[in-house]
Structures are given as structure tokens and as C-alpha cells.
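Protein chains in written order, with this note's numbering: chain V, 1 to 403; chain R, 404 to 806.
The structure appears below as C-alpha cells.
Following this line, the structure appears as C-alpha cells:
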């Protein structure tokens, strides 16, 4: 049974295009239950705001403005990358007692689920009654248990549209194009590039995900083979690719408080791959110069306004609403997950899974969704999985009279 | 007076999101005049296709498919970067005589206008009657004479949306973010980032265009000042920035047949600026670590399906139609240009300007559209110029209770 009291909601980790849908889902569901939640507070910058006593009172926000915020990308309450230390936990508990907090909702990925889990265990150990929920959010789609994660569909839509455009660009001028896609531990987002294949010779012609070990020599041979066949090659590369045993392809050296190495915010991996390819082709195909280019999609892919999957936006809202509903129904803690329902039409339902089941560890793509050679995806399971999450893509045509 | 004969249309240079609108504008206008143009051919890869005898017969394309192609980004006939040499001209003239060509339409930027001009002068010198038109296309918006260029509005829309999202992303997590935007000679596209400023503290906080000399030390001082004030800084940098006298900031060494240095397809400039900033801040603000990231928008910004300005698409179509109309009206040669009509509502009309007036040289932004210090744009003239070209942007909200 949930005690009446203050509700606190926060956002953590990297933002997404629909993370505020989840925030407004929590807030609106809570504001409808004034007897249970006399105060609904937003923690500014997640647990940092709880520690610093920096809150926003959602009772003072207008419904119209909340709808506008819901449609706006990136964490409206701002974000933080901070794992709750033992000392943080003491301060968080003291603040909860001070504010009479009965429920805490934390929106984020696996690191956020871990922090939610730590906070919950701290409350249990202290005998403090606290409903504690993690609302999923990650463009990486790498949370365990759930069918997919809010934020992924919109980022996957960006990646698909980007590859549709870039394949057409590459087709017009030829040469080799490498595109580096986000995804530290899993290739879900990189795999969405496969949605750009409309005509048989469309790219990406090669797709490299972290689920398969990467070799620079194998990469050069793969690209050369496509390039000799088509006169061009578009390549999707996850920023998380690595050699056997996780050895990095290149190393930028920066590490955050969760132990994550910095991968995004630099063109270094794409440029290193392009340099390697240029050197390879200068020897393998010395008869002419080769046009090799690399783009790193970087932060654009996670917060792009106007490139949002309708299903993703609706489900992100639902994730927030479902967490509050579970708390109201008496569930003490958990993480919201999605289950795909059987049937020809795409439908999902939500359920609550234990915090420990999504915290910390991530979920890779099934290895059999990648080709045995590790340089492509297998569309059979992947494409029906992806299409409803991403939504209908812009129609594409080509002249019938061109081969 | 235009002689009846074969019409040839081609596309050249970098593609845009709406370049096929112009192609279909030419083709449909020509197909309506069968007595004047018994054959309407597309040259595959521009003058390369004329030289290689590689053509597509538009009489065999369905109207429905042409409409789909019109909405598809990137040159449907494929493209080429080739300046017509004296030898090329001889071969082009021979092909025109062989095919009974009476009119040539070439879609592209200033280099394409130059090639069109060379081909036209060659025809005049040979006494060969040929209508010769350049249809403008460039995301750089740097053609002379015209108010603006087809392709620019959609690319500017991409840049504006990208900065809206990236400013929100940066606001959620703080730190410094550099975004490198295309634009070899002119800052038009980089300046469109200013459309992302909705609230007073929104980025981009600094905008660097090639029209003002760039200094690394001045850049570091500018960024530090914003960062000390706001705790964050979003920066728009044109790929074409340079020091006094055009000295490059970094040099990748590759040059095309028009003498253009490779700028895009690498994260090198952004990464070099980020490294410089990190070193500067380690000395200027040694009390803590600083998050500095760089993204290079690269090829995404010129062919992104689904991020298209409605005005740009309509005007790109009009540019093709207007070229054919001018040829039918007896004009011998020229380039299509736009003129903005007076009045509160945005309206344009087309006119024909001599090929020599747009060939070769490019048009920078007016220097007084940049701030005297060269680290920002001045919105007074720029924003009313930009808004109708880009169209309405996605609505953005923020929580009222956050400072």
C-alpha cells in the first residue's frame, strides 16, 4: 500500500527525443491523484537536484505548457551522469524524510536503473517506505527484459532516414562512405540502418555491430569487395566496435563515473577507419584515386526535433503513466517494460520487472540477427521487429530507365 | 528562336534534398512541348554521360514515378564533378550534333554554371545553335545575383532543427559543444543555426562564418566567456573558416578538378578545435574537468529525407520550369534566379541572368550580417531573410519553473 506523500521525478543519463513524454506521463498521472500525491516535484539534474535541494513544483506548470514540453526533445529537468555513492544515499534519504517523499520515479537507461535500485535498497535498509520506479529511456535499446526502449524508435528513425539520404548521396557521386552510429554496448541503433535498403543495390552495404568482433583487415577486405562490385560502398559502423576480448579500435581515454569510455563527440573512429581504407586501396587498387569519407552522426541522432516515431512518442508517455499506475496499485518498486502482443497488428502492453533485472548489465542484439561473418545484419527477424517502432519512412523513388 | 530538337538535362556537383524537383520541373515542362522537344534525354552523371553516350529517355518514365523521384533527395541522374576541358567540349559538341540537340539544361552550383557557360561559348564559337541554361542548386546558397538558391532552404532547415535539438541536449548535460556546418566559401548555412535561438539563453552562443577571419586564440577566449557565464556553450563553425589571407585552420590536402580543397567527410576540424579548447581550459579553468565535444554534420545536412522546406521544394520545381519557359520564349542562354517581391507576405519571381554572372565566383554573406567581432550573426536582416526559406520549425517548450 502506497503512503500519501510527495512524489519526486527525475531524468538521468543521455537525453532522447521523447524522454519528456515519459516525464509528462508521470506528472499528469500523479497530478490526477492529489490525495495520494499532494506535491509533485521535479528533481533538477536527477539525484544531483535531490542532493542540492533543487526542485521544480509541477503543480505550478500549466497543462498546455506541459504538452509542449512533452513534445520537446531532451531532458526538460536537465540531466546528470552520477552513480549514487553511499554518501549520496544518506543525503538522498535525509532529503526524502525532510520532504515527506513517498514515491520516486527515475527516467533513464541501465545506469539510471542501477541508481534507482541503490536508492531503493537504501530505503528498505533504513525502513523508509518508498515506492521506487525506473522508467526506461535509451536510444541504445539495450535494456534487458523489455521488448524495446522508449527513445530507441525515434533515434532509429533518424538513423534510417540518414542512411536513406546518404545512400542516395553516395549513389550520385560514388566512392566509399563510412557512417559511425551511437551504441556503446549493442548494435541495435546501427542495425536500424538496414531500413534504408529499398532497392537491391542500396546501402548500407556493410553493417558492423559490437556483438561481433571487428578486425581492421577484414573490414578493408569487405569494403574492397563491395566497392569493386558496385563502384561505391556505404558502411554503418557502431561506435562500440572492438576487437577480440573487447580491445578498442581507438581509445580516446575519457571515462565517466559509471566507467564508460567516451565514444561520441569526436570524429576520430570514422576518420581512423577512413585513413586505414585509403591506405589499403592505394595498394589494392592503385590504378586511380579513391573517394573515402566518414561522418559521425554524433549527438544529432538522439534529440532531433521533427524526426520522431509516433509509436515511440506514445509509448514513452505510456511508460511514465504505467509506473505511476503500478505505484498506485501497491507495487513497491520496479522498472516498466514492454511486451509485444501476438497478432498481425503491432500492439504492446506494459508490465513491471524488478529493478535488479534491468540495472547495470545491458542486452546485446541476438547474435543470430547478425550474419555469421559479422559484417551485416540478418533481416528476417530484425526488420519486422524494427518497422513498427520506427514508423513509415519517407517514400523514395528512382528513375526506371537507370540500371 | 529555339530550333526543334533533342533536349538534354543533367545534374552536377553535390546533391541536395530538392535537386530532383528541378529535374522534374525541366522534364515535365519539356514533355508538354513535343513539337519543340521530340526527345527529352537525361545525361547520366552530367557531362560525363554526354561524353560516354549514357542517356535516359524521359519519354519512357511514368508521370507517377517522376513525381516520386521529384520528392526523393539526391541527383536521380547521378552526378559528377568535372569541369569541361577543351577536349571535353569537342566531344560534347560532336554528341550534340549526332543527337540533334537544340537545348541543354544543367542543374548545379557555381562550378556547374561555369561548365554550362563553357559549353555555351563553345557552341557559339562553332556556330551551333544551342539553348543553354543553368538551373541553380546549392545548399551553400552562394550563387551570385539570385536572392537565394534551391537546396539551401532544406539544408538550412536541417541545420536549424539540428541546433534546436543539440542546444537542448547541451542544456541537459552542460559542457561545450562544437558543431561544424558545411559551407566552403560562405557562411549562409552556418548562419541558419541562429534560427535555433528560441529562449534568451539558447545556443548557438557563438557562430563563426568564413566571411570573418578566424583566430584560434580569439575562439578560445570567446568560448571561455560564454562557458563561465552559462556553464555551457554551443558553437556553430563553418567548415570554411580560415585565418587572415585565407590561411587554413587545418589542411586535409585533397583537391578536386575545380581546385576545391576537401573539407567535408572528416571530423578533423571539429576535433582539432575541441582539442585546442580542452588545452585552453585546462590552463584557464584548472579547478575541474571540462566536457568538450565536437560533431561534424557532414553529408547528412544536404540530402536528409523528411527534413525538406516546403517553399524550397516548390521553388526548386519552379527553377526547372522557368528555364524551359525561357528557352521556349527564345532566350538563348542564362541562369534562373529568384527575386523577392515587396510586401509583407513572402513571394518570389524568377528571372534569367547571364551565365557569366553566376559562373565561377561565389557570393559571401554581407559582412554587416555578421557581428563586428566576427563571432556571431546579426539577426536583424538575417532572420527575416531565412524564415520563409526554411518554413515553420517544430514547436519547443521548456518548464516555466526552471530559471
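We put the beta carbon where it would ideally sit given N, CA and C, even for glycine.
In the three-state DSSP reduction, residue 239/V falls in the coil class, being neither helix nor strand. With a threshold of 8 Å between beta carbons, residue 554/R makes no contact with chain V. Contacts between residue 602/R and chain V, judged by CB atoms closer than 7 Å, are missing: the closest CB pair is about 11 Å apart. A straight line joining the alpha-carbon of residue 246/V with that of residue 213/V spans about 8 Å. Contacts with chain R at 8 Å (Cβ-Cβ) do not include residue 99/V. Cβ contact annotation for residue 728/R (same chain, cutoff 7 Å, sequence separation greater than five): 432, in chain order. Residue pairing of residue 106/V in beta bridges, as defined by DSSP: 10/V, 134/V. Here DSSP, grouped into helix, strand and coil, assigns residue 100/V to coil. Residue range 310-328 is occupied by the alpha helix (DSSP H) that includes residue 317/V. Burial is judged here by how many other beta carbons sit within 10 angstroms of a residue's own beta carbon; residue 780/R has at least 16 and is buried.
Cβ-Cβ distances below 8 Å link residue 733/R to 404, 405 in the same chain, with the five nearest sequence neighbours on each side left out; the list follows chain order. The three-state secondary structure of residue 421/R, taken from DSSP, is coil.
In terms of Cα proximity to residue 391/V, the closest of 709/R, 689/R, 426/R is 709/R. Taken in chain order, the complete beta strand (DSSP E) segments of 3 or more residues contained in the region 438-507 of chain R are 443-446, 458-460. Straight-line measurement puts the Cα of residue 608/R at about 21 Å from the Cα of residue 682/R. Under the Cβ criterion (8 Å, minimum of three pairs), the region 159-178 of chain V does not count as touching the region 312-325 of chain V. Residues of chain V with a Cβ closer than 7 Å to the Cβ of residue 701/R are, in chain order, 295.
Here DSSP, grouped into helix, strand and coil, assigns residue 556/R to helix.
Taking all protein chains in view, the Cβ of residue 745/R is surrounded by fewer than 16 other Cβ atoms within 10 Å, so the residue is classified as exposed. Per the DSSP secondary-structure output, residue 333/V pairs in a beta bridge with 132/V. Shown in chain order are the members of the region 438-449 of chain R whose Cβ falls below 9 Å from a Cβ of chain V: 445, 447, 448. CA-CA distance, residue 309/V to residue 56/V, rounds to 29 Å. Around residue 268/V, the beta-carbon contacts reaching into chain R at under 8 Å are 670, 674. Our two residues, residue 52/V and residue 41/V, have alpha carbons roughly 14 Å apart in a direct line.
Residue 482/R is a Cβ neighbour of residue 418/R, given a cutoff of 8 Å.
Between the region 695-709 of chain R and the region 485-496 of chain R, the count of C-beta pairs closer than 8 Å stays below three; the two stretches do not touch.
Taking 8 Å as the cut-off, the Cβ atoms of residue 449/R and residue 413/R count as close.
In its chain, beyond the 5 residues on either side, 84, 89, 92, 104, 132 have a beta carbon closer than 7 Å to the beta carbon of residue 119/V.
For the 8 Å CB-CB criterion, residue 581/R and residue 671/R do not form a contact.
Ranked by Cα distance from residue 374/V, the first of 347/V, 7/V, 97/V, 219/V is 219/V. Under a criterion of Cβ atoms nearer than 9 Å, the residues of chain R adjacent to residue 60/V are, in order, 803, 804. Taking each of 100/V, 166/V, 286/V, 192/V in turn and checking the Cα distance to residue 702/R, the smallest one comes out for 166/V.
If you check the CB distance, residue 348/V and residue 340/V come in under 8 Å.
In the DSSP assignment, residue 351/V falls within the beta strand (DSSP E) that extends over 348-353. Sorting 321/V, 109/V, 368/V, 320/V by C-alpha distance to the C-alpha of residue 12/V places 109/V at the top. In chain order, 545, 546, 547, 589 place their CB closer than 7 Å to the CB of residue 766/R, counting only its own chain and leaving out the 5 sequence neighbours on each side.
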